[in-house]
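Notes follow once the structure below has been shown.
2 protein chains.
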Amino acid sequence: MMTRKGKLYGVGVGPGEPELLTLKAARILQEVAVVFFPRGDKGEQSLALQIVRPLLHPDQELREVTFPMTTSRRALEGAWREVAQTVTAVLDAGRDAAFITMGDSTLYSTFFYLKRALREARPDLEVETVPGIPSFSAAAALLSRPLACGREGLAVVPATRGRAFLRQVLATFENVVILKAGPVLEEMRNLLAEAGRLEEAAYVCRCGMPGQLLEENLAAAGELPGDYFSLILVGNFSRSKF
Amino acid sequence: MMTRKGKLYGVGVGPGEPELLTLKAARILQEVAVVFFPRGDKGEQSLALQIVRPLLHPDQELREVTFPMTTSRRALEGAWREVAQTVTAVLDAGRDAAFITMGDSTLYSTFFYLKRALREARPDLEVETVPGIPSFSAAAALLSRPLACGREGLAVVPATRGRAFLRQVLATFENVVILKAGPVLEEMRNLLAEAGRLEEAAYVCRCGMPGQLLEENLAAAGELPGDYFSLILVGNFSRSKF
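Chains as they are written, first to last, in UniProt numbering: chain D, 1 to 242; chain A, 1 to 242.
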C-alpha cells in the first residue's frame with residue numbers, strides 16, 4: 001500500500017514582531033503536525049519559537065534541533081545529517097513538518113543545510129521554502145527610510161566577511177546593509193569613518209524584539225549594545241529627506 | 001477642539017501571491033478608511049490592488065493615484081505634491097489611509113516619493129512604513145535555493161543601472177539579483193556570459209502572479225518573455241546542491 005508522505009516546509013518567521021509573519025507562514029504553522037525549531041548548543045532560547053508560539057495549538061509536536069556552533073564543515077554536516085534522519089522519520093510517517101528560521105528563510109538561514117542533507121539522503125521527499133520578511137527590510141521600515149530607490153544598488157554583507165570586501169562595497173554601493181554588526185561595532189565604525197560614510201549610517205539592534213534599539217545617527221551615538229541581532233544601514237538614511 | 005488626525009501607512013503587499021502579505025499588512029488594510037493604490041499613466045491595471053482586493057470590505061474607499069511615467073524630476077515632484085495634498089485632506093478629516101506598493105515598501109517603491117512630499121508639506125502627520133516580502137526572496141523560495149549563505153554577500157541591482165556597474169558587481173559578489181531584467185534580457189545574458197556566470201543564473205518572471213515563469217537555467221533557456229516583473233538570480237542557484 002502506498003502511504004502519503006509528509007512534506008517539509010522551511011518557514012521564515014520574520015525578524016521578531018509576530019505580526020510580520022506572512023499569512024502563508026501562519027497558515028502552514030497551524031496546519032503541520034510537527035514544528036522543528038533550531039537552537040545553538042550555547043543554550044540560548046529559541047527566538048523563532050517564541051515568535052510563533054502564540055499561533056500553535058496543543059496537539060502540535062515541538063521538536064528542538066541542536067546544531068554545533070562550529071565552523072568545522074565535517075561536524076556541521078554530520079549534525080545536519082542527523083537532523084535530516086529525524087525529519088525523514090516524521091515525513092515517512094505521513095506527517096507534515098515545518099522548520100522555522102528567523103527572518104527570511106532564503107537569507108543566511110540554517111534551513112538550507114537541512115534541506116541539502118535531506119535531499120542527499122531522500123530526494124523523493126517534498127520540501128517547500130516559505131519566505132519571510134528580512135531583518136533589513138523591517139529595520140528600514142522602522143526607521144521609515146527606503147533601502148534603495150530608482151537605479152540605486154543595495155549590498156547586503158555580514159560583518160564577518162572581512163575588511164577588504166566591506167571597504168570595496170562601501171566605495172561602490174549607494175546603500176549597504178552590514179549584518180551581525182553588533183559584536184564588532186567599533187571596528188565597523190572605524191571602517192565607515194575611513195570610507196567617509198559614518199554620517200550616513202544607522203544602527204538597529206534586536207529589531208522587533210524585546211530590547212529593540214534604533215540609532216538613526218551612528219556617528220553621533222555613544223556606547224551601544226553589541227548584540228548579535230543587529231545591523232548597520234548605510235545610505236539613503238541620511239542623504240535624502242524622507 | 002482638537003480632532004484626531006488620521007495616519008498614513010505605506011504597505012508592501014509582497015510580490016503577487018496574496019498569502020505572502022504579512023499579518024500586519026492584512027490587518028491594517030482591513031482597518032483603514034481609505035486605500036490609495038498607484039497606477040502609471042500607461043493605463044495598466046493596479047497589480048497591488050488585485051492582490052489586496054479580497055481582503056477589503058465594501059465601506060472602504062479605494063482611490064487611484066496616477067503618476068507620470070517620466071524621468072523628469074520636476075514633473076514627478078509636482079505629481080507627488082498633488083497626491084500628498086489628496087492624502088492630507090483624508091488624514092485631516094481624521095481618517096486613516098494606506099498606500100499600497102508591490103513587494104517590499106522599503107525597496108524601490110513609490111511610497112517614499114509620497115512620504116517625502118507629505119513630510120515637506122505637513123511634518124505633523126504620522127506615517128508608518130510596513131515592510132513586505134521582496135520579490136527576490138519569493139523568487140528564491142520558489143526555486144528553493146538560498147539567496148545567500150554564511151559569509152557570502154548579496155547584491156541587488158536594477159538592470160537599468162548600467163553595464164559597468166553590473167560588470168563590477170558580477171566580478172565581486174557571490175550572489176547577485178538583477179531586477180527588471182526582462183526588457184533587456186538579451187543584453188543581460190551577454191553580460192553574464194562575458195562575466196563567466198551565465199551557468200549560475202536563473203530567471204523568474206511574474207513571480208506569484210498569473211503567467212509566472214521559472215527558468216532555473218538561464219544558459220539553457222530559449223526565448224523568454226521580457227516582462228517588467230522579472231529578475232535574474234545569480235549565484236547559489238547552481239554552485240551548491242540545495
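Idealized CB from N, CA, C, for every residue including glycine. Predicted model, so just to flag it, every value in this text is computed and none were measured.
For the stretch 100-128 of chain D, the set of residues with a beta-carbon nearer than 9 Å to any beta-carbon of chain A comprises D104, S105, T106, L107, Y108, S109, F111, F112, Y113, K115, R116, R119, E120, V127 and E128, in chain order.
Residue pairing by DSSP places N175(A) opposite L154(A) in a beta bridge.
Between the alpha carbons of Q60(D) and P183(D) lies a gap of roughly 36 Å. Rounded to whole angstroms, the separation of the alpha carbons of L170(A) and A164(D) is 17 Å. The continuous alpha helix (DSSP H) containing E120(A) extends over residues F111 to A121. Within chain A, no residue has its CB atom less than 7 Å from the CB of T70(D), the nearest being about 13 Å off. Against T160(A), the close residues of chain D are G150 and R151, in the order they occur along the chain (beta-carbon pairs closer than 9 Å). By the neighbour-count definition (other C-beta atoms within 10 Å, threshold 16), L214(A) is an exposed residue.
Boundaries of the alpha helix (DSSP H) harbouring K24(A): L23 to E31, taken from the DSSP string. In the three-state reduction of the DSSP assignment, A164(D) falls in the helix class. Only those residues of the stretch 27-57 of chain D whose C-beta falls short of 9 Å from the nearest C-beta of chain A are listed: R27. Using a Cβ-Cβ cut-off of 7 Å, P210(D) is close to nothing in chain A; its nearest Cβ partner there is about 18 Å away.
Annotation: Cβ neighbours of L147(D) in chain A (cutoff 7 Å, chain order): T106 and L107.
Closest in C-alpha terms to P158(D), from the list D96(D), Y108(D) and N190(D), comes Y108(D). Between V157(A) and chain D, the shortest Cβ-Cβ separation is below 9 Å.
Between L49(D) and the set P38(D), E194(D) and P146(D), the nearest pair of CA atoms involves P38(D). Distance from the CA atom of H57(D) to the CA atom of I100(D), rounded to whole angstroms, is 16 Å. Under the DSSP assignment, V130(A) falls in the beta strand (DSSP E) whose first and last residues are E126 to V130. If only uninterrupted beta strand (DSSP E) runs of at least 3 residues are considered, those enclosed by the stretch 43-103 of chain A are 61-67 and 97-101. Here I28(D) has Y9, V11, A98 and V130 as same chain residues with Cβ atoms under 7 Å from its own Cβ, once five neighbours each way along the sequence are excluded. Just measuring C-alpha positions, the residue of A25(A), V13(A), T106(A) and L76(A) sitting nearest E17(D) is A25(A).
Counted as a single uninterrupted DSSP element, the alpha helix (DSSP H) harbouring E187(D) occupies residues L185 to E194. Collapsing the DSSP output to three states places F37(A) in a strand. By the Cβ test, the stretch 119-129 of chain D is not in contact with the stretch 116-135 of chain A, since fewer than three Cβ pairs between them sit closer than 8 Å. The way I'd put it, the stretch 106-121 of chain A does touch the stretch 80-91 of chain A; three or more beta-carbon pairs between them come closer than 8 Å. Within the same chain, and ignoring the five residues on either side of V83(D) in sequence, the residues whose Cβ sits closer than 8 Å to its Cβ are F36, V65, F67, L114 and A117.
Around the C-beta of G78(D), fewer than 16 other C-beta atoms lie within 10 Å, and the residue is accordingly described as exposed. With its beta carbon less than 9 Å from one in chain D, P18(A) belongs to the interface. Under the Cβ distance rule, G78(A) does not count among the residues neighbouring chain D, no pair being separated by less than 9 Å.
Between S144(A) and chain D, the shortest Cβ-Cβ separation is below 9 Å. Here R167(D) is near A195(D), since their CB atoms are less than 9 Å apart.
The beta carbon of A155(A) is closer than 6 Å to those of V169, F173 and V176 in its chain, skipping five residues each way along the sequence. In the three-state scheme derived from DSSP, where H, G and I count as helix and E and B as strand, L224(D) is classed as coil. Cβ contact annotation for A75(A) (same chain, cutoff 7 Å, sequence separation greater than five): P68, in chain order. For A141(A), the uninterrupted alpha helix (DSSP H) run begins and ends at S135 to L143, by DSSP.
Identification of residues in the stretch 129-141 of chain D having a C-beta nearer than 7 Å to some C-beta of chain A yields T129, V130, P131, I133, P134, S137, A138, A140 and A141, given in sequence order.
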